[in-house]
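Q: Here's a structure for you.
Protein chains: 2
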Amino acid sequence: MVDRAENSQMQRTFVPPIYNVTICGGTHGNELTGVYIVREMQKQKMEKAGSVSVTTVETNPRAVAAGRRYTEMDLNRCFTDVLLSSPITESTPYEVKRAQELNAQLGPKGSAKAVDLLIDLHNTTSNMGLCFIFYSIDWITLHIYKYIENNLNSVPVRAIQLDIPSSEAYSLESVGKHGFAIEVGPQPSGVLRADIFNVVKEALDLTLQWLQKFSSGHSFEGGTVDAYTFVKSVDYPRDSAGKATAIIHQDLQDNDFKLLRSGDPIFQTFSGDILKYEGEDLYPFFVNECAYYEKKIAFHLAQKKTYSFPHISVKND
Amino acid sequence: MVDRAENSQMQRTFVPPIYNVTICGGTHGNELTGVYIVREMQKQKMEKAGSVSVTTVETNPRAVAAGRRYTEMDLNRCFTDVLLSSPITESTPYEVKRAQELNAQLGPKGSAKAVDLLIDLHNTTSNMGLCFIFYSIDWITLHIYKYIENNLNSVPVRAIQLDIPSSEAYSLESVGKHGFAIEVGPQPSGVLRADIFNVVKEALDLTLQWLQKFSSGHSFEGGTVDAYTFVKSVDYPRDSAGKATAIIHQDLQDNDFKLLRSGDPIFQTFSGDILKYEGEDLYPFFVNECAYYEKKIAFHLAQKKTYSFPHISVKND
Chain A
1 MVDRAENSQM
11 QRTFVPPIYN
21 VTICGGTHGN
31 ELTGVYIVRE
41 MQKQKMEKAG
51 SVSVTTVETN
61 PRAVAAGRRY
71 TEMDLNRCFT
81 DVLLSSPITE
91 STPYEVKRAQ
101 ELNAQLGPKG
111 SAKAVDLLID
121 LHNTTSNMGL
131 CFIFYSIDWI
141 TLHIYKYIEN
151 NLNSVPVRAI
161 QLDIPSSEAY
171 SLESVGKHGF
181 AIEVGPQPSG
191 VLRADIFNVV
201 KEALDLTLQW
211 LQKFSSGHSF
221 EGGTVDAYTF
231 VKSVDYPRDS
241 AGKATAIIHQ
251 DLQDNDFKLL
261 RSGDPIFQTF
271 SGDILKYEGE
281 DLYPFFVNEC
291 AYYEKKIAFH
301 LAQKKTYSFP
311 HISVKND
Chain B
1 MVDRAENSQM
11 QRTFVPPIYN
21 VTICGGTHGN
31 ELTGVYIVRE
41 MQKQKMEKAG
51 SVSVTTVETN
61 PRAVAAGRRY
71 TEMDLNRCFT
81 DVLLSSPITE
91 STPYEVKRAQ
101 ELNAQLGPKG
111 SAKAVDLLID
121 LHNTTSNMGL
131 CFIFYSIDWI
141 TLHIYKYIEN
151 NLNSVPVRAI
161 QLDIPSSEAY
171 SLESVGKHGF
181 AIEVGPQPSG
191 VLRADIFNVV
201 KEALDLTLQW
211 LQKFSSGHSF
221 EGGTVDAYTF
231 VKSVDYPRDS
241 AGKATAIIHQ
251 DLQDNDFKLL
261 RSGDPIFQTF
271 SGDILKYEGE
281 DLYPFFVNEC
291 AYYEKKIAFH
301 LAQKKTYSFP
311 HISVKND
């Protein structure tokens, strides 16, 4: 890894231009920061950042109107190849139809017609600060991430990598040639906090600044990014009827990304007993995320890995 | 006021016994602390605290199952005399019917048959710590409040008084002969936090402890309680179409009960302007409560008042 990082920092890599970026909000209808950021950008008629064209989409307007994460199915699990190509019938959930519409508008996923960069804005009830979430180790994404990490100081900034092939990548950002989700919390579902709104706005301003610099010929030095790579999910303990018997222990609550070691408390049963973690040292994230109760996920666990990325410049036509 | 307080501390007042207490949760289906406290008490078959009989009720099971505040109408606005006596038709909302059922079971409101003490458990997304909310200045409520204020140290404890006559009192606790809501936050809707769960459990344990002492003949000294008395609500600024144009300013966010003075920032518009408070010095509470967006309430404002209460003992039959 070190050899490759050093090597990549010396050699400059030329990468294709980013002509357009699409910023999406409201993929989950009760994660309000993205909804209101997108609406404000539409009101301000923001269409260009330098030579890069900027579009915005409110992706699940029905769920936004209902004030809920989704109406029939989680939209952000609908962008797999299987669901994007499934035939539409009367019983097809609204969100599957909407995913296919979005794929036609912003993709098709994996094609030359897809938008160059797709950014999807999310919130979490977990204390995760600002996270970039992405599938592939992609130079553009890692460079933008590094630029934000270096320039945004109001909250912790972290990278989360989901090691899933593109065909099975289930979330909206996988539709773009490059793409990532910006996940910011803690913010309750259905609530809009000014601090979170301002952080996301700052992250987007920095992203557009980076894109302007990149498209105007600025070259960016290589380096490394520490990313949390998803390992597994942990469910709540349950009784024989399948009902949860415990809640996240208060020592784990709000401690996303703090290394969890064998013996650390993770759950408190409703009757007051403490349950401890057993297993290899890993980093918890999405701790006590509201929307994951129904998915039977109390928290995710990750390994920390270092990825190197090269010095890059735009490849002119 | 001072004369009355001193006087009340010297004279002992004898008040009727509390034979029974009902603890309610799930009046708002996505405020989970009460739901799980009540379920755990039912599982433990807790039926007595000394000589005081204890019952528990999950008050809006349909809303709990749906994971929403309510299904058709806010249940905790249905306990006015008008709604409790309105004829049931096919178009009557579920929650009005449920309020009438609960009134038959736990009331009738204002009657000798009503439960002696009704405690309703709530959560808020606002940073309010633990609050007692009540209508009338009632010796039992003030004594229990004082006992909790003196013995619970993990979060700030405050009293909120709503100066509304009983006939118009709209919330469940008004059905009991004595009654108060315990409102604890911040906790996102649909999320269960261990710290909040433990605080509410501690407050209930202290309440039951007080009731045991009182019913066994212990007398309690008089004193004073500082309570925040509701003055008015403040809406978000809106455009000509009625849409909110701003969010709570980050200096006001999480600063419930911090005196608001003319000139203090209260809103940030989506385009970044700051709007300031104008008016008399008052105390904000329910700042950025999720459920109040639809009620057009950004925050409430209160005056702080001091109420005295007498030295009391139980009046034996």
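As you go down the protein sequences, you meet chains A and B in turn. Residue 281 in the numbering used here sits at position 281 of the first sequence, with consecutive numbering throughout. Residue 49 in the numbering used here sits at position 49 of the second sequence, with consecutive numbering throughout. Heads up, the beta-carbon is just placed ideally off N, CA and C, and yes, glycines get one too. No experiment lies behind these values; they were computed from the predicted model shown.
Using a Cβ-Cβ cutoff of less than 6 Å, which residues in the same chain neighbour B:G107 once the five nearest sequence positions on both sides are dropped?
A: If we look at B:G107 and ignore the five residues flanking it on each side, its Cβ neighbours are A114, V175.
Q: Bridge partners for A:H311 per DSSP, in chain order?
A: Looking at the DSSP assignment, A:H311 forms a beta bridge with A:R12.
Q: Select from the segment 180 to 202 of chain B all residues with a C-beta closer than 7 Å to any C-beta belonging to chain A, and list them in chain order.
A: Against chain A - using a Cβ distance shorter than 7 Å - the residues of the segment 180 to 202 of chain B are P188, S189, G190, V191, L192, R193, A194, D195, F197.
Q: Could you tell me which of A:L118, A:S53, A:T33 sits nearest to A:F180, measuring between CA atoms?
A: Nearest option by C-alpha distance: A:L118.
Q: Given A:I312, which residues of its chain have a CB within under 6 Å of its CB, disregarding the five upstream and five downstream residues?
A: The answer, listed in chain order, is T13, V15, W139, F220.
Q: Would you say A:E40 faces chain B, with C-beta separation under 7 Å as the test?
A: At least one chain B Cβ lies under 7 Å of A:E40.
Q: Assign B:E6 to one of three DSSP states: helix, strand, or coil.
A: Because the pLDDT at B:E6 is just 46, under 50, the model does not fix this residue reliably, and the value given afterwards should be weighed accordingly. In this structure, B:E6 counts as helix in the three-state DSSP scheme.
Q: Would you report the Cα separation of A:S262 and A:E278, rounded to the nearest angstrom?
A: When rounded, the distance between both Cα atoms is 5 Å.
Q: Exposed or buried, which one is B:T306 when buried takes at least 16 other CB atoms within 10 Å?
A: Looking at its Cβ environment, which holds fewer than 16 other Cβ atoms inside 10 Å, B:T306 is exposed.
Q: Which two residues bound the contiguous beta strand (DSSP E) that contains B:F214?
A: No beta strand (DSSP E) holds B:F214; the alpha helix (DSSP H) holding it covers 194 to 215.
Q: Which partner residues does B:Y36 have in the DSSP bridge list?
A: Bridge partners of B:Y36: none, in fact.
Q: Output needed for B:N7: all residues of its chain with C-beta closer than 7 Å, excluding positions within five of it in sequence on either side, in chain order.
A: In this predicted model, B:N7 has a pLDDT of only 47, less than 50, meaning its place in the structure is not dependable; the value taken from the coordinates is given anyway. If we look at B:N7 and ignore the five residues flanking it on each side, it has no Cβ neighbours.
Q: In whole angstroms, give me the CA-to-CA distance for B:S215 and B:V314.
A: Whole-angstrom Cα-Cα distance: 6 Å.
Q: Under 7 Å between C-beta atoms, does B:I247 make it to chain A?
A: B:I247 counts as touching chain A.
Q: Which residues, in chain order, does the segment 119 to 135 of chain A contribute to contact with chain B at a C-beta distance below 7 Å?
A: Against chain B - using a Cβ distance shorter than 7 Å - the residues of the segment 119 to 135 of chain A are T125.
Q: DSSP three-state label for A:T229, please.
A: Strand.
Q: Since B:P318 sits in a beta bridge, which residues does DSSP pair it with?
A: With chain B covering 1 to 317 only, the question about residue 318 of chain B has no answer from this structure.
Q: Spell out whether any CB of chain B is found under 7 Å from the CB atom of A:Q268.
A: Judged by the 7 Å Cβ criterion, A:Q268 is in contact with chain B.
Q: Can you name, in chain order, every residue of its own chain whose Cβ lies under 6 Å from the Cβ of A:R4, other than the five neighbours on each side?
A: Summary for A:R4: the model assigns pLDDT 45, below 50, so the residue's position carries little reliability; its value from the coordinates is reported in the next sentence. Closer than 6 Å at the Cβ level, and outside the excluded window around A:R4, lie S308.
Q: Nearest by alpha-carbon distance to B:Y147: which of B:G185, B:H178, B:D205, B:E101 is it?
A: Of B:G185, B:H178, B:D205, B:E101, the residue nearest in Cα terms is B:D205.
Q: Looking only at its chain, what residues have a beta carbon closer than 8 Å to the beta carbon of A:D163, apart from the 5 residues adjacent to it on each side?
A: Closer than 8 Å at Cβ, skipping near neighbours: Y135, T229, F230.
Q: Can you list the residues of chain B that A:N316 reaches, using a CB-CB cut of under 8 Å?
A: Ordered by position in chain B, no residue passes the 8 Å Cβ test against A:N316, which lies about 36 Å from the chain.
Q: Using beta carbons (cut-off 7 Å, strictly below), is B:C290 in contact with chain A?
A: Yes, B:C290 counts as interfacial toward chain A.
Q: For the candidate residues A:H300, A:A241, A:S167, whose alpha-carbon lies nearest to that of A:T360?
A: Absent from the structure is residue 360 of chain A, since the part of chain A shown begins at 1 and ends at 317.
Q: Go through its chain and collect everything with a Cβ distance to A:L152's Cβ below 8 Å, but skip five positions before and after it.
A: Excluding positions up to five away in sequence, the list reads L130, V199, E202, A203, L206.
Q: If you follow the beta strand (DSSP E) that B:R158 is part of, which residue opens it and which one closes it?
A: Its beta strand (DSSP E) spans residues 157 to 161.
Q: Any idea what DSSP makes of B:P93, helix, strand or coil?
A: Reduced to three states, the DSSP call for B:P93 is coil.
Q: So the beta strand (DSSP E) B:P284 belongs to, where does it begin and stop?
A: Its beta strand (DSSP E) spans residues 283 to 285.
Q: Could you tell me if B:L32 is buried or exposed, where buried requires 16 or more neighbouring beta carbons within 10 angstroms of its beta carbon?
A: Counting Cβ neighbours within 10 Å, B:L32 comes out buried, since at least 16 surround it.
Q: Taking Cβ-Cβ distances shorter than 7 Å, what residues in chain B pair up with A:Q250?
A: Those are A194, D195, listed as they occur along chain B.
Q: Find out if the Cβ-Cβ distance for the pair B:G25, B:L84 is shorter than 7 Å.
A: No, the pair does not count as a contact, with Cβ atoms beyond the cut-off.
Q: Using a Cβ-Cβ cut-off of 6 Å (strictly less than) and excluding sequence neighbours within five positions of B:I196, which residues of its own chain qualify?
A: Hits under 6 Å: T33, V184, Q187.
Q: A:V225 and A:A159: beta carbons closer than 7 Å?
A: Closer than 7 Å, so yes.
Q: Please tell me whether, using a cut-off of 6 Å, the distance from the CB of A:H122 to the nearest non-hydrogen atom of the ligand HEM is below it.
A: Of ligands this structure carries none, so the ligand HEM is not represented either.
Q: Whose Cβ in chain A lies nearer than 7 Å to the Cβ of B:Y36?
A: Under the 7 Å cutoff, chain A gives F270.
Q: So, helix, strand or coil for B:M1, using DSSP?
A: Bear in mind that the predicted position of B:M1 carries a pLDDT of just 36, short of 50, making it unreliable; the figure below should be weighed with that in mind. Looking at B:M1 - three-state DSSP - the assignment turns out to be coil, as it is neither helix nor strand.
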